[in-house]
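In what follows, a single structure is set out as structure tokens and then discussed.
There are 2 protein chains.
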Amino acid sequence: MQFASESDHRQWLSAQSALPRGFRVGTTRLSFTPVEVSKPSAMTLTLIVPERPTAAFAALFTRNAFPGAPVLIGRRRLAEPRLGAVVVNNKVSNVCAPGGVEASEALCAAVAAQLGLQPSEVLPSSTGVIGWRLPVEAMLGALPAAVESLQGRSILPAATGIMTTDLYPKIRRVDLGGGAVVGIAKGAGMIEPNLATMLVYILTDLTIGREALRRLLPVAVGDTFNAITIDSDQSTSDTVVALSSGQVDGVAEDAFAEALHQVCRGLAEDVVRNGEGVHHVMRVAVTGAPDIAVARGVGKSVANSPLFQCAVCGNDPNIGRLVCAVGKYLGNAGLGLDLGRCRMSIGGMAVFEGGAFRIDSDTERRLSEYFRQAELYQSAAPDGRGVFKPTISWPPHERAVEIAIDLGVGAAAFTVIGGDRSHEYISENADYRS
Amino acid sequence: MQFASESDHRQWLSAQSALPRGFRVGTTRLSFTPVEVSKPSAMTLTLIVPERPTAAFAALFTRNAFPGAPVLIGRRRLAEPRLGAVVVNNKVSNVCAPGGVEASEALCAAVAAQLGLQPSEVLPSSTGVIGWRLPVEAMLGALPAAVESLQGRSILPAATGIMTTDLYPKIRRVDLGGGAVVGIAKGAGMIEPNLATMLVYILTDLTIGREALRRLLPVAVGDTFNAITIDSDQSTSDTVVALSSGQVDGVAEDAFAEALHQVCRGLAEDVVRNGEGVHHVMRVAVTGAPDIAVARGVGKSVANSPLFQCAVCGNDPNIGRLVCAVGKYLGNAGLGLDLGRCRMSIGGMAVFEGGAFRIDSDTERRLSEYFRQAELYQSAAPDGRGVFKPTISWPPHERAVEIAIDLGVGAAAFTVIGGDRSHEYISENADYRS
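If you want it as structure tokens, here you go:
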């Protein structure tokens, strides 16, 4: 897909955004002043509400050892018979804040009271600054407006409401058997999920049992959200939730699994494409590995190498750094593999074979041109304080730098999707909270 | 130590630079055009020569699975009875280049011929662009000038000759028992050594046996060079070499070990302080860990977190990212530690205790001021192409951001030294080879 402008992209999003039957979403904005930093801040509160509480829900969470309060509560909610609402806020992630669990539970209780639910039927999610306290009073005050805004037509307000440093909303849909699987994602930084990811909500009207959904979601996540990285920083709040309203019968489990996987794959790539400061998406396909852990490790080592990331950003095919990153992982793993048959290519052009580089000045030129073709945007001059801002608010295309690494020693394969490293990333994160 | 200017710092370096007895160094510059990129480039050739070939030498090398040709040759040299010279070049690292081993051996043979040695008595080292071929003809042509320049007074020309993106030369010395241990280091990027490091040459006139030197060097490297990281990219060329000319007798092995450790510690910190784009050094001291691997893993996770690095660069005490980086490692390690007694502080100020953050707007202000005090330099406005250049060519001070993490579950400890992440790093590495 290619998009010529923001309005082009938003038009496509609108076409994707019809809510599956049996769901409503609502959002509202509110202002508050954090206890920790005396500066006025703004937050969006988003509600996702099935018409009737559903037993068919599944969720996966981060493995970070300091998870947020909503993750702690979410894990408990998995044991509840039904889920009746999801309440999401951006700006403050409610991680390890004093009284954080109590704050989230108070919010759930208020949502339940307004929607006629039990507090335990409400799942909370929070994303944003780690360490700040949730401004519960301000959120409770804003809640009626969020309830008031609930509507069943479009998921777009929710996809927009959960954004933080994202440049644009992310929606993917698959229509199937008279129903649909529709997902939204938030995530642009602190992204290297492990068994879950950023914030993702997947809604379907297709009938699928609770157990089946809980079996299929981890499979779909395995090589989609768990295969991406922006900055190797696995968040404290990663959450993927899937809900079925069960209004459309008769879809086969295989077909549903495929649709679910497709939605997860699309969203995962969207998250990387919209990663903080990302100019190039890179797809690192590792094959010929002795097992999947090694294939994944090599792919992650390349995608997370700061030096290779910088080279890609500069359209500089510095393939020495590619080989260094592969060798770093393999050397530290101490596997003693025979790498004589290892082969690496970029955009189909062989760059390493038989233990040596295969480059000359012509290959260098063609590689550099290939990098340029895959670029999402070029940096604009920084402002007077040296701050770089992205020049786009939509994805102009979906091309990636395709890197293939065949280790030549086994049959296992894994593909990692990552981004490059730019001045825009530094500018975004050197003073993120201001 | 503090230095008010480049000349201040160079004066101090000169005072450190007297060569131990029995060594000479020489350098020369040469021009060449790489096969891979048709642009004129410059290289420095450096010779380090003991007066007589010595059996007392030791070396450690990278664990990267794609090591450079000089590393492959260096490993073989460890079995040789004596070492008579080290030849080092910058600009081209000679890693996986076609015919790379033959090129390095040809250089060793030429050095040997000019100095009256066996080729197997010459140890080669190369650093610089990975993938390019060594310009052997140009190097052989320049060799006589390097031999001509050999002198026994100062190690400073060698410390300068091995530099690549380093802003300043690095020398550390300890005087002991009428002799000295003097070391130099090159390294500013692609730095997270494993069992070795960048390029480091340690010379001593103190008598120490071959076996003792080979026993003591890995110990000295363990918590110095192996405890640092600039960008988590473990190089293909990491090498540490130690040589004794054996001209001063009577030093105790304990005292020698201590001096060796002190030189390694100083150089390791110098490498981080002069890391590419580093504005702040951070010292991450992890205590209370169940074992050293966990302590090291937590320290590395913090020092290598792109988001925490950016926050430190911006003088922004975003401690949520500190906790996230600790939790990322511990969660993935799957140790199930009880972290109720975990405690974190920055500059002695407690920020996390009893499972929750301890911050308010006053603490935030004091932390930010503390970060500012530890800053080595501030960014200057970028040039018209948005390129940032460091504003210093000397280390103004040796202060670091002191981060203490007490896991509260065991007795093991490890301290990692790292740097922050700045626009200067991106500018340096987006088009490093041009």
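Respectively, the protein sequence lines represent chains X and D.
Each residue of the first sequence is one higher than the last, beginning at 275 in this note's numbering.
Each residue of the second sequence is one higher than the last, beginning at 275 in this note's numbering.
Quick reminder that beta carbons are idealized off the backbone N, C-alpha and C, glycines included.
In this text, all values refer to a predicted model and were calculated from it rather than measured experimentally.
Among 302(X), 289(X), 280(X) and 702(X), the one whose alpha carbon lies nearest that of residue 505(X): The option with the nearest alpha carbon to residue 505(X) is 702(X).
Quick test of your reading: residue 410(D) and residue 381(D), contact by CB under 8 Å. State the CB separation rounded to the nearest angstrom. About 6 Å separates the Cβ atoms of residue 410(D) and residue 381(D), confirming a contact at the 8 Å cut-off.
What does the alpha-carbon distance come out to for the pair residue 540(D) and residue 441(X)? Straight-line Cα distance between these residues: approximately 44 Å.
Cα-Cα separation between residue 686(X) and residue 630(X), rounded to whole angstroms: Approximately 23 Å, taken between the alpha carbons.
Whose C-alpha, out of 516(D), 459(D), 497(D) and 472(D), is nearest the C-alpha of residue 486(D)? Among 516(D), 459(D), 497(D) and 472(D), the Cα nearest to that of residue 486(D) belongs to 516(D).
Can you find the residues in the same chain that come closer than 6 Å, C-beta to C-beta, to residue 552(X), ignoring five residues on each side of it along the sequence? Result list for residue 552(X): 693, in chain order.
State yes or no: is the C-beta of residue 507(D) within less than 9 Å of the C-beta of residue 663(X)? In this structure, residue 663(X) does not lie closer than 9 Å to residue 507(D) by Cβ.
Does DSSP classify residue 418(D) as helix, strand or coil? Secondary structure of residue 418(D) (DSSP, three-state): helix.
Any beta carbon from chain D within less than 9 Å of residue 464(X)'s own beta carbon? The beta-carbon of residue 464(X) is placed less than 9 Å from the nearest beta-carbon of chain D.
With 16 as the cutoff for other CB atoms within 10 Å, does residue 290(D) come out buried or exposed? For residue 290(D), the number of other beta carbons within 10 angstroms of its own is at least 16, and it is reported as buried.
Candidates 519(D), 453(D), 436(D) and 513(D): which alpha carbon is nearest residue 466(D)'s? Of 519(D), 453(D), 436(D) and 513(D), the residue nearest in Cα terms is 513(D).
For residue 585(D), collect the residues of the same chain with a Cβ closer than 6 Å to its Cβ; drop the 5 residues on either side in sequence, then sort them by chain order. Hits under 6 Å: 592 and 595.
For the region 557-564 of chain D against the region 676-686 of chain D, are there 3 or more C-beta pairs whose distance is under 8 Å? The region 557-564 of chain D makes contact with the region 676-686 of chain D; the number of CB pairs closer than 8 Å reaches 3 or more.
Contacting positions in the region 568-580 of chain X - beta carbon closer than 7 Å to chain D: Listed in sequence order: 579 and 580.
Does residue 336(D) come within less than 9 Å of chain X when only Cβ atoms are used? At least one chain X Cβ lies under 9 Å of residue 336(D).
Smallest Cα separation from residue 612(X): which of 472(X), 482(X), 681(X) and 428(X)? That would be 681(X), whose Cα lies nearest to the Cα of residue 612(X).
Closest Cα partner of residue 581(D) within the set 615(X), 704(X) and 644(X): Residue 704(X) is the option with its Cα nearest to residue 581(D).
Would you kindly work out how many angstroms separate the C-alpha atoms of residue 523(D) and residue 481(D), rounded to a whole number? Each residue's alpha carbon lies about 5 Å from the other.
In chain order, what residues of the same chain lie with their CB nearer than 6 Å to the CB of residue 577(X), ignoring the 5 residues before and after it? Excluding sequence positions up to five before and after residue 577(X), its CB lies within less than 6 Å of the CB of 503, 558, 690 and 692, all in the same chain and listed in chain order.
Across which residues does DSSP place residue 500(D) in a beta bridge pair? For residue 500(D), DSSP records no beta bridge to any residue.
Can you grab the Cα-Cα spacing for the pair residue 351(X) / residue 654(D), in whole Å? Take the alpha-carbon of residue 351(X) and the one of residue 654(D): they are about 51 Å apart.
Are residue 444(X) and residue 459(X) touching if we call contact CB-CB under 9 Å? Yes, Cβ-Cβ distance for residue 444(X) and residue 459(X) is below 9 Å.
For the region 565-642 of chain D, which segments carrying the beta strand (DSSP E) assignment without a break, of at least 3 residues, lie completely within its bounds, in sequence order? With a minimum length of 3 residues, the continuous beta strand (DSSP E) runs that stay inside the region 565-642 of chain D are 617-620 and 623-627.
Nearest residue (CA-CA) to residue 644(X), options 623(X), 498(X) and 659(X): Answer by Cα proximity: 623(X).
Given 8 Å, three or more beta-carbon pairs between the region 490-500 of chain D and the region 524-537 of chain D: Enough Cβ pairs lie closer than 8 Å, so yes.
Alpha carbon to alpha carbon, how far is residue 597(D) from residue 341(X)? Give it in angstroms, no decimals. Rounded to the nearest angstrom, the two C-alpha atoms are 10 Å apart.
Tell me whether residue 398(D) sits in a helix, a strand or coil according to DSSP, three-state version. Residue state, collapsed to three classes: strand.
Do you know how far the Cα of residue 700(D) is from the Cα of residue 311(D)? If I take the Cα positions, the gap works out to 22 Å.
Within chain X, the residues that residue 309(D) reaches when beta carbons sit closer than 9 Å: Contacts between residue 309(D) and chain X, judged by CB atoms closer than 9 Å, involve 633, 634 and 635 in chain order.
Just grab the DSSP bridge partners of residue 301(D) for me. The partner list for residue 301(D) (beta bridge, DSSP) reads 320(D).
Short of 7 Å in beta carbon distance, which residues of its chain neighbour residue 632(D), apart from the five on each side in sequence? Order them along the chain. Within the same chain, residue 632(D) has close Cβ partners 624, 625 and 626.
Step through the CB atoms of chain D and report whether any lies within less than 9 Å of the CB of residue 663(X). No, its Cβ sits nowhere closer than 9 Å to a Cβ of chain D.
Taking Cβ-Cβ distances below 8 Å as the criterion, which residues of the region 501-517 of chain D are in contact with chain X? Only 505, 506, 507, 508, 509 and 510 from the region 501-517 of chain D bring a Cβ to less than 8 Å from some Cβ of chain X.
To the nearest angstrom, how far is it from the Cα of residue 326(X) to the Cα of residue 621(D)? Roughly 53 Å separates the two Cα atoms.
Out of curiosity, what's the CA-to-CA distance linking residue 360(D) and residue 283(D)? Each residue's Cα considered, the two are about 27 Å apart.
CA-CA distance, residue 519(X) and residue 296(X)? A straight line joining the alpha-carbon of residue 519(X) with that of residue 296(X) spans about 6 Å.
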